[in-house]
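Engineer:
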Ligand SMILES: [Fe+2]
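In my numbering, the protein residues as written are 6 to 253.
(1) Rounded to whole angstroms, what's the CA-CA distance from residue 100 to residue 168? Just pull it up for me.
(2) Which of helix, strand or coil does DSSP assign to residue 215?
(3) Below 9 angstroms between beta carbons: does that hold for residue 223 and residue 127?
(4) Who are the Cβ neighbours of residue 160 in its own chain at under 6 angstroms, not counting the five residues just before and after it?
(5) Check whether the Cβ of residue 226 sits closer than 8 angstroms to any heavy atom of ligand 1, and report yes or no.
(6) Is any heavy atom in ligand 1 found nearer than 8 angstroms to the beta carbon of residue 121?
(7) Going by DSSP, which residues form a beta bridge with residue 168?
(8) Cβ of residue 114 within 8 angstroms of any heavy atom in ligand 1?
(9) To the nearest angstrom, how far is it from the Cα of residue 251 to the Cα of residue 62?
(10) What does the Cβ neighbour count give for residue 121, buried or exposed, with the cut at 16 atoms within 10 Å?
(11) Figure out for me which residue from 249, 182, 225, 232 has the closest Cα to the Cα of residue 85.
(12) Just checking my contact of residue 91 with residue 239 at CB under 8 angstroms: how many whole Å lie between their CB atoms?
(13) Which of helix, strand or coil does DSSP assign to residue 81?
(14) Pull up the distance between the alpha-carbon of residue 104 and that of residue 157, whole angstroms please.
(15) Between residue 135 and residue 170, which are expected to be in contact by the criterion C-beta below 8 angstroms, what is the C-beta distance as a whole number of angstroms?
(16) Between residue 34 and residue 216, what straight-line distance do the alpha-carbon atoms span, to the nearest angstrom?
(17) For residue 249, count neighbouring C-beta atoms within 10 Å of its own C-beta (all shown protein chains included) and say buried if the count is 16 or more, exposed if not.
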């Protein structure tokens, strides 16, 4: 009998069950200047986090969305075989990412956090770049680049290659480990065979104009830290905030 062991996989959770998507998008349109506004009518490459707008998680009008996202973080913890009720979940940074059809996001990670979330609140059809996850570890394969250079199918399996693309859909929420490298990229040519990173041209939209935002792909993004409720239960985890001493 044959048995395949898919060793050392990484869990990325994708969910599409949020029921208040339309309502929350209306809230974002109403409050867009709080999340996205740039005083110089910004035409550069980086999104709102690049110019310091990282407090989106304090928008109380989006409260149902924050609770949904934290619920997904708890699901993630549970899927990892850990009791999700043993932690306080803290959103430490929240921002909005705005993307037109001509851009991607370069390879990066959020290793200062435990978990990261991406919620796609507005996805026009023409902005269809994929979200890619990258494995920068050494893979155990017959030789480096074995599958990338020789595989005969355009589809990936979990033990081929060192990056993994997923299609983006509106109302999709992704939970990933903060230290997992990721990017947003085009695929020119055969499906999943060619990666073309961010094109170095200015963003075509004006982030201050609501009509421009409505034809952009907008994701609500942020980072989460887990601290223990009970110090004695998980001494190796990040300890309760009230135990910390702060120095400057
Ligand atoms: Fe990211």
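Note that CB positions come from ideal geometry on N, CA and C, so glycine has one too.
The structure presented is a predicted model; accordingly, all values stated were derived computationally and were not measured.
Structural biologist: The structure says:
(1) As a working mapping, residue 100 is identified with position 95 in the chain shown. As a working mapping, residue 168 is identified with position 163 in the chain shown. If I take the Cα positions, the gap works out to 25 angstroms.
(2) Within the chain shown, numbered from 1, the residue matching residue 215 stands at position 210. In the structure shown, residue 215 sits in a helix (DSSP, three-state: H, G or I).
(3) Position 218 of the chain shown, counting from 1, holds the residue named residue 223. Position 122 of the chain shown, counting from 1, holds the residue named residue 127. Closer than 9 angstroms, so yes.
(4) Within the chain shown, the letter at position 155 stands for residue 160. So the list is empty, once near-sequence residues are dropped.
(5) Taking the first residue of the chain shown as 1, we reach residue 226 at position 221. Answer for residue 226: yes, Cβ within range of ligand 1.
(6) Translated into positions along the chain shown, residue 121 becomes position 116. Yes; taking the cut-off as 8 angstroms, the Cβ of residue 121 has a heavy atom of ligand 1 nearer than that.
(7) Taking the first residue of the chain shown as position 1, residue 168 is located at position 163. 139, per the DSSP bridge assignment.
(8) Position 109 of the chain shown, counting from 1, holds the residue named residue 114. Yes - ligand 1 has a heavy atom lying nearer than 8 angstroms to the Cβ of residue 114.
(9) Taking the first residue of the chain shown as position 1, residue 251 is located at position 246. Taking the first residue of the chain shown as position 1, residue 62 is located at position 57. Taking the straight line from one Cα to the other gives about 23 angstroms.
(10) Residue mapping note: residue 121 aligns to position 116 of the chain shown, counting from 1. Answer is buried; the Cβ neighbour count reaches 16.
(11) On the chain shown, position 80 is the one that residue 85 refers to. Closest option to residue 85, Cα to Cα, is 182.
(12) As a first step, residue 91 is located in the chain shown; it is residue number 86 there, counting from the start. As a first step, residue 239 is located in the chain shown; it is residue number 234 there, counting from the start. Yes, residue 91 and residue 239 are in contact; Cβ-Cβ is about 6 angstroms, under 8 angstroms.
(13) The count along the chain shown starts at 1 and reaches residue 81 at position 76. In this structure, residue 81 counts as helix in the three-state DSSP scheme.
(14) Counting from 1 along the chain shown, the entry for residue 104 is found at position 99. Counting from 1 along the chain shown, the entry for residue 157 is found at position 152. Distance between the alpha carbons of residue 104 and residue 157: 33 angstroms.
(15) As a working note, residue 135 is residue 130 in the chain shown. As a working note, residue 170 is residue 165 in the chain shown. Their Cβ separation, rounded to whole angstroms, is 4 angstroms, which keeps residue 135 and residue 170 in contact under 8 angstroms.
(16) Here residue 34 is taken as the residue at index 29 of the chain shown, counted from 1. Here residue 216 is taken as the residue at index 211 of the chain shown, counted from 1. Cα-Cα distance, rounded: 9 angstroms.
(17) On the chain shown, residue 249 is found 244 positions in, with the first residue counted as 1. By the 10 Å Cβ count, residue 249 comes out exposed.
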